[in-house]
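Mapping the sequence shown onto numbering that gives the first Met the number 0, position 180 (from 1) lands on 179, and the numbers just tick up by one.
See below for the structure under consideration.
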Amino acid sequence: MRALAVTAALLLLFAGVASADVGPWRTVGSDVARPLDESQGLAVVERPSGTVVKYTGIGTVPPSLATRGWNHVGDPGAGHGYYVEPYQRDDRGAKLFRVEAPDGTWAEYQHALESWEANNNSFAAVSPDGRWMVAGEWGTMDRLLVHPMPGIAHTDPAANLPYASSVRLDRPVRDIQGCDFVSATQLVCSSDDPEGSLFGVTKPLLQVDLAAPVGGSDVTGTVTLLGQLPLESGCSGEFEAEGIDYDERDGTLRVVVLSPGICVVFDSKTWRFRR
């Protein structure tokens with residue numbers, strides 16, 4: 000009977016893992032995501048001194064930024080040893096990208112909003128060549144925004160970080176929390192869509208295939224639903240999909256999903272996937 004019970008438990012475990020697969024991305028595990036400092040997103044930062052996984056959360060906003068109005072941090076990005084955190088404010092003031100260089104020094108780059116641009120600054124994703132940074136707005140959108148990469152292609156923190164171009168999506172997306180490059184012409188994005196009317200599921204994982212690498216001119220992005228992100232918790236209610244990162248060293252995709260209610264403290268997860 001004991002052996003049967005163990006076998007049944009293992010079958011349930013493996014069934015649960017299989018149910019969390021998302022399209023071609025197979026679940027390989029999960030880690031607890033702390034709600035204060037691991038709740039917004041993450042980025043793998045590779046440097047000669049070593050590789051680290053950096054998270055952002057409501058508790059990681061530096062007081063010096065919060066007192067100046069930048070009170071929300073989004074999903075960070077990294078590339079070529081540079082690490083970038085996107086910040087927003089409640090008014091129509093500038094967006095802020097806080098960048099750590101490979102030598103550990105920090106610089107702040109501000110982007111003055113275009114007249115048509117939303118003030119939300121949900122994520123930053125560094126292109127594989129390191130020359131460009133893709134950022135995103137909240138709500139229902141048909142675009143992603145492209146800027147020259149601060150610290151690499153744009154090196155003067157005193158000068159406005161300009162808007163360069165857009166990724167023009169072939170269909171609208173809603174509440175994108177994070178995107179990361181899988182290749183020069185492919186992004187994978189996490190959506191916190193609570194409605195499900197756009198793709199038939201809530202909290203979708205999306206793939207964006209670009210007609211060409213991002214640059215100074217607009218490119219078309221074809222959006223494909225990969226599936227619903229894992230929604231597993233001891234509590235029922237509204238989950239929150241957060242940031243995303245693709246680790247090119249071993250092909251691991253990580254996505255943060257916060258649990259509902261009080262369980263946000265206990266069993267929020269950073270899911271790990273591989274193709």
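Where a beta carbon is used, it is the ideal one built from N, C-alpha and C, also for glycine.
Item                                                                                                                                                              : Value
Anyone know if the C-beta pair for F122 and P85 falls short of 8 Å?                                                                                               : yes
I'd like to check one pair, S182 with P127: are the Cβ atoms closer than 8 Å?                                                                                     : yes
Is the number of C-beta pairs between the segment 179-197 and the segment 149-163 that are closer than 8 Å three or more?                                         : no
What are the start and end residues of each continuous beta strand (DSSP E) run of 3 or more residues lying completely inside the segment 74-151, in chain order? : 76-78, 81-87, 94-99, 105-110, 123-125, 131-134, 139-147
For P203, which residues does DSSP report across the bridge?                                                                                                      : Q227
Considering just the uninterrupted stretch of the alpha helix (DSSP H) at S63, what are its terminal residues?                                                    : 62-65
On the DSSP letters alone, give me the boundaries of the beta strand (DSSP E) that Y162 sits inside.                                                              : Careful: Y162 lies outside any beta strand (DSSP E) and carries neither H nor E.
Can you tell me whether DSSP reads G214 as helix, strand or coil?                                                                                                 : coil
Quick check on V44: does DSSP put it in helix, strand or coil?                                                                                                    : strand
Beta carbon of S189, beta carbon of A134: below 8 Å?                                                                                                              : no
In chain order, what residues of the same chain have a beta carbon less than 8 Å from the beta carbon of V21, not counting five sequence neighbours either side?  : L204, L225, G226, Q227, L228, P229, F272
Applying the 10 Å Cβ sphere with the 16-neighbour rule, what's the burial state of E194?                                                                          : exposed
Using C-beta distances below 7 Å, list every residue in its chain close to C262, excluding the 5 sequence neighbours before and after it, in chain order.         : S232, G233, C234
Between the Cα of D192 and the Cα atoms of S165, Q109, T139, V44, which residue gives the shortest distance?                                                      : T139
Here's the rule: buried if 16 or more other CB atoms are within 10 angstroms of the residue's CB, otherwise exposed. What is T50?                                 : exposed
Between R173 and Q109, what straight-line distance do the alpha-carbon atoms span, to the nearest angstrom?                                                       : 25 Å
Tell me whether V264 sits in a helix, a strand or coil according to DSSP, three-state version.                                                                    : coil
Among residues of its own chain, excluding the 5 on either side of D208, which ones have a beta-carbon nearer than 6 Å to its beta-carbon?                        : Q185, T221
Buried or exposed: which applies to W115, given that a residue is buried once 16 or more other Cβ atoms fall within 10 Å of its Cβ?                               : exposed
Can the beta-carbon of R253 be found less than 8 Å from the beta-carbon of D266?                                                                                  : no
Pick out whichever of G236, V145, A100 has its Cα sitting closest to the Cα of P47.                                                                               : A100
Under the rule that 16 or more other beta-carbon atoms within 10 Å means buried, what is V264, buried or exposed?                                                 : exposed
Mind checking A111: buried by the 16 CB within 10 Å criterion, or exposed?                                                                                        : exposed
From W270 to R33, what distance separates their C-alpha atoms?                                                                                                    : 13 Å
Determine the extent of the beta strand (DSSP E) in which I175 is found, giving its start and end residues.                                                       : 175-182
Measuring CB to CB, does G129 end up less than 8 Å from D74?                                                                                                      : no
State the DSSP-derived secondary structure class of I243, mapped to helix, strand or coil.                                                                        : strand
Classify S216: buried if its beta carbon has 16 or more other beta carbons within 10 angstroms, exposed otherwise.                                                : exposed
Identify which residue in D169, G250, A65, H146 has its Cα closest to the Cα of V213.                                                                             : H146
Report yes if the CB atom of V72 is closer than 8 Å to the CB atom of K268, and no otherwise.                                                                     : no
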